[in-house]
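If you're matching them up, the sequences are chains R and V in order.
Mind the numbering: the first sequence is residues 1 to 197 in the numbering used here, read in order.
Mind the numbering: the second sequence is residues 198 to 394 in the numbering used here, read in order.
All residues carry an ideal CB built from backbone N, CA and C; glycine is no exception.
Only a predicted model underlies this, so the values are computations on that prediction, with no experimental measurement involved.
Below is one structure; the comments refer to it alone.
There are 2 protein chains.
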Amino acid sequence: MGRPSLQEQRTAEILTAYELCVARHGLDGATQERVAAQAGVKRTLLRHYLGNKDEMVEALIKHVVARFNSETDQMIAALPKTARPKALLDILFGPLGITETASVLTINALGAASDRFPKARTGLLAAMERMHDAVAKELSQDYPDADITACRAAAFGICHLYFSIDSLMMLDPPQDWLDQARQAANTHLLNLEGTLK
Amino acid sequence: MGRPSLQEQRTAEILTAYELCVARHGLDGATQERVAAQAGVKRTLLRHYLGNKDEMVEALIKHVVARFNSETDQMIAALPKTARPKALLDILFGPLGITETASVLTINALGAASDRFPKARTGLLAAMERMHDAVAKELSQDYPDADITACRAAAFGICHLYFSIDSLMMLDPPQDWLDQARQAANTHLLNLEGTLK
DNA sequence: AAATTGATTGTCATATTTGAAAATTTATTC
DNA sequence: GAATAAATTTTCAAATATGACAATCAATTT
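In structure tokens, the structure reads:
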């Protein structure tokens with residue numbers, strides 16, 4: 001009984017706002033005031049739902065890692081039945097990218113502070129490895145004759161090219177760059193086509 | 198007459214400390230206190246040499262862009278007479294990288310705040326373009342038969358793979374990743390060898 | 001409509017950050 | 001060693017950030 005809980009909803013709203021602030025201002029620059037303003041709530045609500053600052057950071061790390069993993073899953077799930085690698089590049093380097101919430105910037109900021117937050121380090125490493133693996137799996141399925149090591153290298157190249165591009169979106173880079181990124185990513189596919197085991 | 202000026206030396210020391218703090222804590226998390234502690238001076242000296250916070254940020258941007266350009270030049274200057282592209286990969290993905298001062302992390306943090314500091318945006322874009330051009334030039338010189346567009350794409354892929362790797366060094370990634378990065382970068386060279394105009 | 005559970009707001013003390021200026025110290029030249 | 005220019009330290013006020021807790025408001029159940 002009693003008033004229905006908004007715990008989940010509010011927590012998600014606040015963490016999304018937090019994510020955005022961290023992307024723009026860095027982990028230590030994402031003050032409670034800023035996050036509260038971004039989320040459109042009073043600062044004291046942050047404490048109510050997420051506890052003190054250390055606990056907020058812990059929650060943020062979990063949230064970011066979960067989102068990262070979720071986006072990896074969505075990306076794979078969105079692939080068609082055929083020509084999956086090309087479609088994957090369309091998703092990563094297409095007009096949108098997965099870049100809704102500047103998530104790679106948040107990841108960078110968390111990574112930069114990972115010496116103070118060990119869980120950020122382990123969580124991000126695991127999430128990235130997970131993405132590497134998912135992409136590598138796609139590649140070796142579509143290029144069954146290619147060397148597995150080559151597939152992993154290609155997957156790595158594609159993933160991190162995407163990370164770099166996504167980090168740079170704040171700079172509003174020229175279209176050239178996006179085209180080159182796409183072409184560079186495609187090079188990895190071409191290489192797998194050409195190089196047999 | 199009068200006491201000899203330490204302007205240049207102190208300014209450089211402070212900006213280097215500032216750079217490090219921005220890499221770790223983000224632009225807004227790099228407080229004057231932190232920078233002063235990192236530089237080993239009193240906080241008020243920052244003001245003495247660099248003015249108020251906005252002026253400090255402006256100076257930091259100039260410093261970072263200058264360093265970036267300088268490192269690009271050094272990198273090119275360090276290449277041997279022959280097999281320059283391979284040597285370039287050795288520099289970028291070798292045991293050290295150019296990663297002395299976590300400069301790519303600083304660049305990420307500045308980029309993330311570039312909507313508030315237009316000079317960061319223009320400066321970083323120009324410096325990156327400069328690096329792209331330098332690498333592309335090396336590639337097209339060593340692979341004169343390769344398409345110029347392909348060279349640019351390869352240069353882009355190599356540069357940004359490096360950026361991504363360098364950003365991730367704080368996570369102390371497994372050796373695998375570094376190997377894969379190197380191999381992925383090398384793929385771009387192989388592609389230029391194989392693809393003729 | 002009374003009780004209850006949780007959302008929301010308000011307040012206060014404390015600590016950190018920043019800005020600004022004055023006072024002091026130190027190294028050089030004449 | 002007096003004058004001088006610059007480094008360095010000291011000090012104070014204002015703004016911002018955080019933590020902790022109390023008070024109020026709103027929706028649901030019995």
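Put simply, of SER5/R, LEU6/R, MET1/R and LEU50/R the residue whose alpha carbon is nearest the alpha carbon of TYR18/R is LEU50/R. Scanning chain R for C-beta atoms nearer than 9 Å to the C-beta of MET367/V yields GLY111, ALA112, ALA113, SER114, ASP115 and ARG121, reported in chain order. Exclusion of the five residues before and after CYS356/V leaves MET328, HIS329 and VAL332 as the residues of its chain whose Cβ lies within less than 7 Å of its Cβ. The DSSP-derived three-state label of LEU27/R is coil. Ranking ASP339/V, LEU224/V and GLY223/V by CA distance to the CA of PRO277/V puts ASP339/V first. With 16 or more neighbouring CB atoms inside 10 Å of its own CB, ASP363/V falls in the buried class. The continuous alpha helix (DSSP H) containing PRO118/R extends over residues 118-142. In its chain, beyond the 5 residues on either side, TYR340 have a beta carbon closer than 7 Å to the beta carbon of GLU390/V. In this structure, the CA atom of GLU13/R is about 41 Å from the CA atom of GLY237/V.
DSSP places MET272/V within a helical segment (H, G or I) once states are collapsed to three. At least one CB atom of chain V sits nearer than 9 Å to the CB of ARG24/R. Measuring C-alpha to C-alpha distances from GLN372/V to each of ALA153/R, VAL22/R, PRO174/R and ARG67/R identifies ALA153/R as the nearest. The three-state reading of DSSP puts SER114/R in coil, since its state is none of H, G, I, E or B. Taking a C-beta distance under 9 Å as the contact criterion, LEU125/R and PRO370/V qualify as a contact pair. Under the three-state reduction of DSSP, VAL41/R is assigned to coil, being neither helix nor strand.
In the displayed model, PRO4/R falls within coil according to three-state DSSP, outside both helix and strand. ALA185/R carries a helical assignment under DSSP once its states are collapsed to helix, strand and coil.
Of the candidates LYS259/V, GLN235/V, GLN229/V and ALA306/V, the residue whose Cα lies closest to the Cα of HIS245/V is GLN229/V. Following the DSSP letters along the chain, one finds GLY157/R inside the alpha helix (DSSP H) bounded by residues 148-168.
For ILE61/R, same chain residues with a beta-carbon under 7 Å away, outside a window of 5 residues either side, are LEU110, PHE117, LYS119, ALA120 and GLY123 in chain order. Neighbours of PRO173/R across chain V, judged by C-beta separation under 7 Å: LEU322. In this structure, DSSP gives ASN388/V a helical state, which the three-state scheme calls helix.
Secondary structure at ASN249/V: coil, using DSSP grouped into helix, strand and coil. Taking all protein chains shown into account, ASN108/R has 16 or more neighbouring C-beta atoms within 10 Å of its C-beta and is therefore buried. Residue nearest to SER337/V within the set MET325/V, GLU326/V and ALA352/V is ALA352/V (criterion: CA-CA distance). GLY226/V is a Cβ neighbour of HIS25/R, given a cutoff of 9 Å. Interface criterion not met: the Cβ of SER5/R is under 9 Å from no Cβ in chain V. DSSP, read as helix, strand or coil, puts ALA83/R in coil.
Around the Cβ of SER267/V, a 10 Å sphere holds fewer than 16 other Cβ atoms; the residue is exposed. A distance of 9 Å or more separates the beta carbons of LEU302/V and TYR359/V. At least one CB of chain V lies nearer than 9 Å to the CB of GLN183/R. Taking C-beta atoms as the reference points, ALA181/R and GLY157/R fail to come closer than 9 Å. ARG231/V and SER300/V have their C-alpha atoms some 18 Å from each other. Among the residues of the segment 130-160 of chain R, those with a Cβ less than 7 Å away from any Cβ of chain V are ARG152, ALA153, ALA154, PHE156, GLY157 and HIS160, in the order of the chain. A residue is called buried when at least 16 other Cβ atoms come within 10 angstroms of its Cβ; LEU203/V does not meet this threshold and is exposed.
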